[in-house]
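Undergrad: Shown below is the structure under consideration.
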Amino acid sequence: MKKINITLILLSFTFALFAQKKSLLLLKYEQNYTPTYYEVVEMYQLLDANYENAKLIENGLTDSGKPLHTFIINNENEFNPEKIKKQGKSVLLINNSIHPGEPAGIDASLQFADDILRDKNGIASLLENTVIVIIPAYSIGGLLHRSAFNRANQTTPYETGFRGNAANLDLNRDFVKCDSENAKNFTRIFHNWDPDVFLDTHTTNGSDHQYSVTLIAPQPDLFPPTQEKFLREKMIPELFSNMKKGEYELIPYVSWMYRDPKRGIKMTQEGPRYSSGYASLFNCYGMMTENHVYKDYPDRVKSCYQFIDVLTTFTSENAKEIIESRKTGLEESISAKDHPINFELDTTIFREIEFKGYEVDENQVSKLTGLKRFGYDRSKPFTSSTKYYDVYNPTKTVQIPEYYILPQAWKSVVDRIKLNGIEFHTLIIDTILEVEIDYIDEFSNATRPYNGHYFHDEVITSSEVQQINYYSGDLIIPVRQKKIKYLIEMLEPKAGDSFFRWNFFDNILDNREYFSPYGFEENVIKYLDEHPGLKKKFMDKQKSDPGFAQSHRAQLAYIYENTEWSEETYKRYPVSRVYKAFSVSELNKLIGK
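In our numbering, the protein residues as written are 67 to 659.
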C-alpha cells in the first residue's frame, strides 16, 4: 500500500510538471513588437529542438536567397506528407507574412505552435485528427525590408516589413502566374501536402468598425455541390458562431455595397491569383483572416490566435467529413459536363447579419488641409442589422473537353503545368489532329503594369474546328483528372485569371509576316482574276465604303486578310480542345503505349 501511494505521488508530480510546462518563446506583441525574420526562424528552431512531434524544414530558396520554411506539428512524430495522408488525418496549412507589413499572423502562429506543443489547456488533443503545417514567413525579402514607415495607415507594431518581396512583387497576386521563386516553392509545398484547409493571415486598411478580425471565407459558389452545401450549412456558420463564444467576435470582410456598411456588405470572391482562390482550384477550403489595422496590435494578434484555435478545432472535430467532402467534390467536378469560369454577384439575394460599426461622416473637416474628407465618428458606435450578399452566379460557363493540346513551344506554360502536378501525355510522332481552336477577336490591356504584367481585362473570342499540325513532344492533357479545375481556369482564355490574361501567350497578338504595297499589288490582281467570288466582294466594298475606296493600303489589306496570305497563327490561341475521347488504339499510336 505504501509503495502504491509513493507511485501515485510521483505520477501526480510528473503530470503536474507536464501541465505546468512553460513557454519557450519570448514574444513581445504586448509591447507592440513583432519579430524579425531571423528571430522568427530562431524561435521555430527552438521549438523543433525541444519537441519530437515538431519539425522545421527548408523548402527551396525564395527570391531573397533565403529558404522558405515549413513547420510541421504531428503528434505521431511523422513528417512525411504521403504517410500522413494514409493515416487519414486532415491537414491544415497556415501561411504568414505574405504581406510583411501585416504581421499579426506571425506572432499568432508562433504563440499557437508553442501552446499546442506544450499542451496548454489541453489543446494538444486537436492533433489526434489533424496535422498543422505553418509557413512562418512567406515573403522573406519583404520581411527583411523592415522599417517604421512601411505602412502609412498603421501605428503599431513600431516596425514591420514591406509589401513587396525581394523582386518587388506582391506575392498575393502571384499564385497562378508564379513569377517568384516564393510562389514556385509554395506550389510544391501545397501539392506535397494537399491541404484540406488553408489559412492566409492578413491585415486590412479597409473600413473602420468595432471588430479586431474579419474573414474572407471560402466562396461557396466556387465549389461543387457537396462542398458548397458543407460551406454554407456547416463550416462557415460554425466558424462565426464559435468565434462569438470567445473574446473576439468575427465579421465577414467588410466590402461595401454602397460606401456605407449599413446599406450592405458583399462577400469577397477571390480569384486564383490570390492564395485562397488558388486553394479553391484544388477543392481545398482556403480562407483569409483580415485583422483590422486600426485596432491595437496585441488585439490583432490575440484575435488572429483565437481564429487559428477555432479553425484548428473545427478541422480536427470534422476531419473525416472535410476529407470526404473534398473527395466527393472532386468526383462531381470530374463528372460535370460544364464548368463556370466567371461570376458576378447576385444583388437580389441577401441575408441579414448583425454589424457593429461607427457612424460614417462624409463631411469631416481635415485637420491638415481644412477640406472635407470621408471618415468615421468613433464617438458614435452602433449595432444594427445589415444586408449581406454572399451568392455569385456564373456569367460564363464552358463545356469540359476530354483533352487540351498544348504545344511544347509554350515552355513557360508547360513549366507551370508540370509544377502543379498535372498529368499529361507527350506525342511521340508528328501528326495532324482535328481540334477546336479559339481566335482572340478583341482584348484590352490594363493601362499600367500590374505586378510585372499588362493584364488583359477584356477578352472576346470565337471558335472554329481546324486540322492542325502537332509535333513529337507536344502535350496531350486529359482534362478529367484530380486537378481539373486548375486546367480549365488556366487554359480557357476567357477565365478570370487565365494564362492568356497574364500575357503568357502574347506572342500571338502581333503579326510576323506582312506585305509591301508595291510588290504585293501584282499578285493581288492575278489572284482576284482567279477568284471571282472574292473579286465581287472586294468591288462591292469599294462602292459601299467611301473611306475604304480612298485608301490604297486598306484595299490591299482586305485582300491580304481574306486570302491564304493571311497568317493562320495570328491571334490564334495555341491551346486547342478535343471533345471526343481517343480510343485506346488511337491514344497508343499518339503516345507510344
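All C-beta atoms, glycine included, are put in the ideal place defined by N, C-alpha and C. Because the structure is a prediction, the values reported are computed rather than measured.
(1) Assuming Tyr99 and Pro223 make a contact with CB atoms under 8 Å, what is their CB distance in whole Å?
(2) Between which two residues does the beta strand (DSSP E) harbouring Tyr204 extend?
(3) Sorted by chain position, which residues of the same chain lie with C-beta nearer than 6 Å to Cys350's C-beta, five sequence neighbours on each side aside?
(4) At the level of alpha carbons, what is the spacing between Gly171 and Glu356?
(5) Could you tell me whether the Cβ atoms of Ile302 and Thr334 are closer together than 7 Å?
(6) Report yes or no: do the stretch 152-166 and the stretch 90-98 share at least 3 C-beta pairs separated by less than 8 Å?
(7) With the cut-off set at 7 Å, would you say Phe570 and Ser478 are in Cβ contact?
(8) Measure the Cβ-Cβ separation of Ala232 and Ser341 and say whether it is below 7 Å.
(9) To the nearest angstrom, how far is it from the Cα of Tyr360 to the Cα of Phe440?
(10) Restricting to Cα atoms, I'd like to know which of Gly539, Arg482 and Ile419 is closest to Ile495.
(11) Where do the ends of the beta strand (DSSP E) carrying Leu485 lie?
(12) Just to confirm, are Ile471 and Ile574 a CB contact at a threshold of 7 Å?
(13) Tell me whether Ser399 sits in a helix, a strand or coil according to DSSP, three-state version.
(14) Just tell me which of Glu383, Ile483 and Arg643 has its CA closest to the CA of His257.
(15) Classify Glu387: buried if its beta carbon has 16 or more other beta carbons within 10 angstroms, exposed otherwise.
(16) Within the continuous beta strand (DSSP E) that includes Gln285, where are the two ends?
(17) Roughly how many angstroms lie between the CA atoms of Gly208 and Ala615, to the nearest whole one?
(18) Classify Phe448: buried if its beta carbon has 16 or more other beta carbons within 10 angstroms, exposed otherwise.
(19) If Asn517 and Asp240 are in contact, beta carbons under 8 Å, what's the gap, nearest whole angstrom?
(20) Using the Cα positions of Ala174 and Val320, report the straight-line distance between them to the nearest angstrom.
(21) On the DSSP bridge list, what partners appear for Phe409?
(22) How is Tyr718 classed by DSSP in three states: helix, strand or coil?
(23) Are the stretch 430-439 and the stretch 595-602 touching, with three or more C-beta to C-beta distances below 8 Å?
(24) Can you tell me the Cα-Cα spacing of Ile139 and Pro364, whole angstroms?
(25) Do Thr253 and Leu485 have their C-beta atoms within less than 7 Å of each other?
(26) Within the stretch 305-385, note down every full alpha helix (DSSP H) run reaching 4 residues or more, in order along the chain.
(27) Can you find the residues in the same chain that come closer than 7 Å, C-beta to C-beta, to Leu83, ignoring five residues on each side of it along the sequence?
(28) Inspect the beta-carbon positions of Pro290 and Glu398 and report whether they are closer than 7 Å.
(29) What whole-angstrom Cβ distance do Phe421 and Ile317 have, given they're in contact under 8 Å?
(30) Can you check whether the CB of Leu553 is closer than 7 Å to the CB of Pro583?
(31) Are the stretch 265-282 and the stretch 178-188 touching, with three or more C-beta to C-beta distances below 8 Å?
(32) For Asp129, which three-state DSSP category applies?
(33) So Tyr505 packs on Arg643, CB below 8 Å; how close in whole Å?
(34) Excluding the 5 residues flanking Pro169 on each side, which residues of the same chain have their C-beta closer than 6 Å to its C-beta?
(35) Assign Lys659 to buried or exposed, taking buried as 16 or more other Cβ atoms, counted over all protein chains shown, within 10 Å of its Cβ.
(36) Assign Ile150 to buried or exposed, taking buried as 16 or more other Cβ atoms, counted over all protein chains shown, within 10 Å of its Cβ.
TA: Checking against the coordinates, here is how it stands:
(1) Here the question's residue 99 lines up with position 33 in the sequence shown. Here the question's residue 223 lines up with position 157 in the sequence shown. Tyr99 to Pro223, Cβ: 6 Å. Contact.
(2) In the sequence shown, residue 204 corresponds to position 138, counting from 1. In this chain, Tyr204 is not harboured by any beta strand (DSSP E), its DSSP state being neither H nor E.
(3) Looking up residue 350 in the sequence shown gives position 284. Result list for Cys350: Pro261 and Phe264, in chain order.
(4) Taking the sequence shown and counting its residues from 1, the one referred to as residue 171 is at position 105. Taking the sequence shown and counting its residues from 1, the one referred to as residue 356 is at position 290. Just so you know, the alpha carbons of Gly171 and Glu356 end up roughly 10 Å apart.
(5) Position 236 of the sequence shown, counted from the first residue, corresponds to residue 302. Position 268 of the sequence shown, counted from the first residue, corresponds to residue 334. No, the pair does not count as a contact, with Cβ atoms beyond the cut-off.
(6) no
(7) The residue labelled residue 570 in the question sits at position 504 within the sequence shown. The residue labelled residue 478 in the question sits at position 412 within the sequence shown. Cβ atoms of Phe570 and Ser478: closer than 7 Å.
(8) Taking the first residue of the sequence shown as position 1, residue 232 is located at position 166. Taking the first residue of the sequence shown as position 1, residue 341 is located at position 275. No, the pair does not count as a contact, with Cβ atoms beyond the cut-off.
(9) Taking the sequence shown and counting its residues from 1, the one referred to as residue 360 is at position 294. Taking the sequence shown and counting its residues from 1, the one referred to as residue 440 is at position 374. Computed Cα separation, rounded: 16 Å.
(10) Position 429 of the sequence shown, counted from the first residue, corresponds to residue 495. Comparing Cα-Cα distances from Ile495 to each of Gly539, Arg482 and Ile419, the minimum goes to Gly539.
(11) Within the sequence shown, numbered from 1, the residue matching residue 485 stands at position 419. No beta strand (DSSP E) contains Leu485, which is instead part of the alpha helix (DSSP H) from Lys477 to Leu485.
(12) In the sequence shown, residue 471 corresponds to position 405, counting from 1. In the sequence shown, residue 574 corresponds to position 508, counting from 1. Result no, Cβ atoms of Ile471 and Ile574 do not sit closer than 7 Å.
(13) By one-based count along the sequence shown, residue 399 stands at place 333. In the structure shown, Ser399 sits in a helix (DSSP, three-state: H, G or I).
(14) Here residue 257 refers to the residue found at position 191 of the sequence shown. It is Ile483 whose Cα lies nearest to the Cα of His257.
(15) As a first step, residue 387 must be located in the sequence shown, where it is residue number 321. Its Cβ having fewer than 16 others within 10 Å, Glu387 is exposed.
(16) Within the sequence shown, numbered from 1, the residue matching residue 285 stands at position 219. Where Gln285 is concerned, there is no enclosing beta strand (DSSP E), because DSSP gives it neither an H nor an E.
(17) For this step, residue 208 is matched to residue 142 along the sequence shown. For this step, residue 615 is matched to residue 549 along the sequence shown. Their backbone Cα atoms lie some 59 Å apart in a straight line.
(18) Position 382 of the sequence shown, counting from 1, holds the residue named residue 448. Under this definition Phe448 is an exposed residue.
(19) Taking the sequence shown and counting its residues from 1, one reaches residue 517 at position 451. Taking the sequence shown and counting its residues from 1, one reaches residue 240 at position 174. That pair is a contact at about 7 Å.
(20) Numbered from 1 along the sequence shown, position 108 holds the residue referred to as residue 174. Numbered from 1 along the sequence shown, position 254 holds the residue referred to as residue 320. Straight-line Cα distance between these residues: approximately 22 Å.
(21) On the sequence shown, residue 409 is found 343 positions in, with the first residue counted as 1. DSSP lists Pro460 as partners of Phe409.
(22) Residue numbering for the chain in the displayed model covers 67 to 659; residue 718 lies beyond these limits and cannot be assessed.
(23) No: the two stretches stay apart, fewer than three of their Cβ pairs being nearer than 8 Å.
(24) In the sequence shown, the residue the question calls residue 139 occupies position 73. In the sequence shown, the residue the question calls residue 364 occupies position 298. The straight-line gap from Cα to Cα measures roughly 25 Å.
(25) As a working mapping, residue 253 is identified with position 187 in the sequence shown. As a working mapping, residue 485 is identified with position 419 in the sequence shown. It is a contact, given that the beta carbons lie within the stated cut-off.
(26) 341-346 and 363-383
(27) Within the sequence shown, residue 83 is the residue found at index 17, counting from 1. Annotation note: pLDDT 43 at Leu83 (below 50); position unreliable, coordinate value reported separately. Result list for Leu83: empty, nothing under 7 Å.
(28) In the sequence shown, residue 290 corresponds to position 224, counting from 1. In the sequence shown, residue 398 corresponds to position 332, counting from 1. With contacts defined by Cβ atoms closer than 7 Å, Pro290 and Glu398 form a contacting pair.
(29) By one-based count along the sequence shown, residue 421 stands at place 355. By one-based count along the sequence shown, residue 317 stands at place 251. Contact holds; Cβ gap of about 7 Å.
(30) Position 517 of the sequence shown, counted from the first residue, corresponds to residue 583. Position 487 of the sequence shown, counted from the first residue, corresponds to residue 553. Their beta carbons are not under 7 Å apart, which means Pro583 does not touch Leu553 by this criterion.
(31) no
(32) The residue you call residue 129 lines up with position 63 of the sequence shown. Secondary structure of Asp129 (DSSP, three-state): coil.
(33) Position 439 of the sequence shown, counted from the start, is the residue given in the question as residue 505. Position 577 of the sequence shown, counted from the start, is the residue given in the question as residue 643. Contact flag wrong, Cβ pair sits at about 13 Å.
(34) Translated into the one-based positions of the sequence shown, residue 169 becomes position 103. Cβ neighbours of Pro169 beyond the five flanking positions: Thr100 and Thr226.
(35) Translated into positions along the sequence shown, residue 659 becomes position 593. It is exposed - the Cβ of Lys659 has fewer than 16 other Cβ atoms within 10 Å.
(36) Along the sequence shown, read from residue 1 onward, the residue named residue 150 stands at position 84. Answer is buried; the Cβ neighbour count reaches 16.
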